[in-house]
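Numbering (our numbering), first residue to last: 2 to 422.
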């Protein structure tokens, strides 16, 4: 009987240094991966849950931009067994290679090569920290090892008409698991051999043979013209050497997935995509199912009591539908529909919240109206106030109005409405 092949030692690196300018003002006080999502989560929880559910329990999180809340969340929530040598640990930019911060995602790994030296992995899984999806990376790792490639890129199928919005992977028709070219937002893409109306868009997730990754980032660091980007510089180098493979996300089988949410992936890089991903959660048959216990999304939301729905002081009845109410939410005689309410949100008597995302501790006063809005932590909406009803009125009060949404920053002041004559 032949011996089983040696198990590969895997280190996971989560790239979490993103600034997230397009999500301002939500990123005014925090890194993009720390932005709350889905009531009780932060965006990074999806990447970390996918990694640990895949069986990879040695994880480093590379941080840089306004990382305090991100570091705090990772260190207090993501605790592994020291006895077994497992860990999830944030690693801030340390200027190990000179007096400079990270110049790009590839430079972040270059400046953190000491982590590879310490851990001595065979395989390195590199993932982004700001996408909403489920994925079993062990299946991708297995394909990577079998392919013999130095680099494997995870890709999701997208309509060919959207190719100019993504980094697109052009495959070899005679060997469709090999990358022929990596195209940045092409205007004249070629469809897939088995589906001419689709292209493969990079998901920002990669698997590398450890030695190949080390060689690639060291070489890249010496190139003055490089942008030091994983997708823009490192992957094309592997492509030019014919050492790159592609992993088609449609082949990934996640336990507990449904026909409706299988293959779900959202880049929440804009306010509209961030909002739309929340609306995906609240439909009666959700496009993304948070209730898959076979592949849980892990987080910590503090010592909040259960959500509570009660009639208001005036006797007004509660009305809620198609919504997510997190622990600690109290709806007292108000109306909530098509909305996501984070912990400790309070909606008071005769108030209306619809088609909105409210983060921790938002209070909506008696008779107030909140529509088509994203409201960050700690905002107090005074009784009778209106948000998201009149765009011009919202702009005049200093709120961000973008793509049909009204967005309030963390603890932003909302003036009480003036009494009418």
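Think of the CB as a built atom: it goes at the ideal place given N, C-alpha and C, for glycine as much as any other residue. It should be emphasised that the depicted structure is a prediction, and the values quoted were computed from it without experimental measurement.
Beta-bridge partners of residue 64 (DSSP): 17, 93.
A distance below 6 Å between beta-carbons, with the five flanking residues on each side excluded, links residue 268 to the following residues of its chain, in chain order: 132. Look at residue 132 here: in three-state DSSP terms it is strand. If you check the CB distance, residue 351 and residue 397 do not come in under 8 Å.
Scanning 394, 406, 404 for the CA closest to the CA of residue 415 turns up 394. Sequence-distant partners of residue 265 (beyond 5 residues in either direction) whose C-beta falls short of 8 Å from its own C-beta, in its chain, are 133, 134, 135, 281, 288, 289. A Cβ-Cβ distance of about 5 Å is found for the pair residue 169 and residue 184, placing them in contact under the 8 Å criterion. The criterion of a C-beta distance shorter than 8 Å is not satisfied by residue 122 and residue 35. Within the segment 272-299, the runs of alpha helix (DSSP H) that reach at least 4 residues and sit entirely inside it are, in chain order, 272-283.
8 Å or more divides the Cβ of residue 140 from the Cβ of residue 200.
For the pair residue 319 and residue 335, the CB atoms are nearer than the 8 Å cut-off. Taking a contact to require three or more Cβ pairs closer than 8 Å, the segment 145-164 and the segment 243-256 qualify as touching.
When DSSP states are grouped into helix, strand and coil, residue 250 belongs to the helix group. Here residue 347 carries a strand assignment [DSSP, helix/strand/coil]. Nearest in C-alpha terms to residue 15, of all of 37, 116, 23, is 116. In the DSSP annotation of this structure, the continuous segment of the alpha helix (DSSP H) that includes residue 116 starts and ends at 114-120. Distance from the Cα of residue 285 is smallest, within the candidate group 239, 339, 296, 128, for 339. Pairing residue 75 with residue 88, the inter-Cα distance amounts to about 11 Å. Contact annotation, residue 296 with residue 83: C-beta distance approximately 25 Å; criterion of less than 8 Å not satisfied. Take the alpha-carbon of residue 181 and the one of residue 124: they are about 23 Å apart. Residue 364 is bridged by DSSP to 347, 381. For residue 22, the CB contacts under 8 Å within the same chain, skipping 5 residues up- and downstream, are 28 in chain order. In the DSSP assignment, residue 159 forms a beta bridge with 200.
Taking C-beta atoms as the reference points, residue 110 and residue 218 count as a pair closer than 8 Å.
Under the DSSP assignment, residue 237 falls in the alpha helix (DSSP H) whose first and last residues are 236-241. Per the C-alpha coordinates, the member of 195, 401, 235, 360 positioned closest to residue 175 is 195.
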